[in-house]
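One structure is given here, and the rest of the page talks about it.
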Amino acid sequence: MKHAILFASLLAAGATLFAQAADAGQPAAHTFALDLDARGQVTAIEPTETMPAELRKELEARIGQWAFTPATFDGQPAATRTYLRITTAGNRGPDGMLKVLSATTGPGVASLSNPAYPTSELRRGEGGIVVLQLAVDASGEVTDVAFYGERQRASRTLANAARDAARDWRFKPETVNGTGIASTVVLPVCFMATTPTLSTCAWQGPDAKNFNRMDIVAVDPAARVDTGIGQFASN
Numbered sequence: 033m034k035h036a037i038l039f040a041s042l043l044a045a046g047a048t049l050f051a052q053a054a055d056a057g058q059p060a061a062h063t064f065a066l067d068l069d070a071r072g073q074v075t076a077i078e079p080t081e082t083m084p085a086e087l088r089k090e091l092e093a094r095i096g097q098w099a100f101t102p103a104t105f106d107g108q109p110a111a112t113r114t115y116l117r118i119t120t121a122g123n124r125g126p127d128g129m130l131k132v133l134s135a136t137t138g139p140g141v142a143s144l145s146n147p148a149y150p151t152s153e154l155r156r157g158e159g160g161i162v163v164l165q166l167a168v169d170a171s172g173e174v175t176d177v178a179f180y181g182e183r184q185r186a187s188r189t190l191a192n193a194a195r196d197a198a199r200d201w202r203f204k205p206e207t208v209n210g211t212g213i214a215s216t217v218v219l220p221v222c223f224m225a226t227t228p229t230l231s232t233c234a235w236q237g238p239d240a241k242n243f244n245r246m247d248i249v250a251v252d253p254a255a256r257v258d259t260g261i262g263q264f265a266s267n
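Start counting at 1 in the sequence shown, then tack on 32, and there's your number in this note's numbering.
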C-alpha cells in the first residue's frame with residue numbers, strides 16, 4: 033500500500049508540481065509576495081514558485097480585481113509586505129476562469145520538512161490528520177508548536193511526529209514599514225494511506241470555517257484581502 037504525508041507546506045518542496053497541477057485540471061495552491069502601499073494598492077507582485085506564464089497572467093489579473101487592507105503602524109495604515117496564498121479547484125467555471133476556493137494572507141513558506149511517518153502506524157496502514165498552531169517570530173522561526181482544536185484525528189504518535197517536524201520549519205514574515213512581525217499560523221499535516229482528493233484531510237479552522245489540506249491560515253494577518261469569496265473560503 034502506498035503511503036504519503038500531505039500538508040499545505042508541500043508547496044515548499046514541490047511548488048512546480050502545484051503550478052503544473054492547475055494546468056492538468058487538478059486542485060492547486062499558489063503563493064504571491066505582495067507589496068502594498070498605505071492605501072492598500074499593490075505596488076509589487078511576485079510568485080514565490082515557478083509557474084507557467086499564462087497561469088501567472090491569469091492569477092495576477094484576478095488579484096488585480098481584489099481589495100487589500102494594509103497593516104497599521106501607530107494607528108495609521110502603513111506599507112506592508114504580505115504573502116497571498118490562493119487555492120484553486122481543478123475545474124473552471126462557466127466563464128472559463130479558474131475557480132478560486134480560498135485566498136488568504138499571512139507569512140509565506142520558507143522551509144518545511146516532511147515529518148517522519150512512524151513505523152508502527154506505517155505497518156498498520158494507519159493515517160490521520162494533525163492540525164498545528166505555530167507561533168512564528170519576526171524572523172520567521174517557529175518558537176512554539178501546539179495542537180489546534182480540541183480533537184486531533186490521529187494517534188498520539190502521528191501527532192508527535194508532526195509537532196516535532198514543525199519545530200524546524202521556517203516562514204517568510206509579513207513586514208510593516210520594512211520590519212518583520214510575528215504571527216500565528218494554523219495548518220494541517222495529513223498522514224495518508226489512500227490516494228488523496230481535495231477534501232482529503234479537510235479541517236476546521238478559525239471562525240469554524242472549513243479548509244482543505246492545501247490551506248495555510250494566519251490567525252491575525254497583518255494585511256487582509258477582500259475577494260468577494262471572503263478571507264476564508266469553505267471547500
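Even for Gly, the Cβ is constructed at its ideal location relative to N, Cα and C.
Note that this is a predicted model, so its numbers are computed, not measured.
For this session: Could you spell out where the alpha helix (DSSP H) holding D196 opens and where it closes?
Result: R188 to A198
For this session: Hey, could you find the ends of the alpha helix (DSSP H) K17 is sitting in?
Result: The question about residue 17 has no answer, for the chain in this structure spans 33 to 267.
For this session: From the DSSP output, in three-state form, read off S171 for me.
Result: coil
For this session: Rank T101, N244 and P147 by C-alpha distance to the C-alpha of T259 and give the top, closest one.
Result: T101
For this session: With a cut-off of 8 angstroms on the beta carbons, I'd call G157 and M224 a contact; round off their distance for me.
Result: In fact, because the Cβ distance is near 10 angstroms, the residues do not count as touching under 8 angstroms.
Exercise. Three-state secondary structure (DSSP) at E153?
Worked result: helix
Exercise. Nearest to D200 by CA position, among T175, L130 and N123, is which residue?
Worked result: T175
Problem set entry | Local Cβ density within 10 Å of D247, reported as buried at 16 or more and exposed below that | buried
Problem set entry | Residues near S152 by beta carbon distance below 7 angstroms, same chain, minus five either side | T189
Exercise. Relative to the alpha-carbon of T120, which residue among A99, A194, L87 and T104 has its alpha-carbon at the smallest distance?
Worked result: L87
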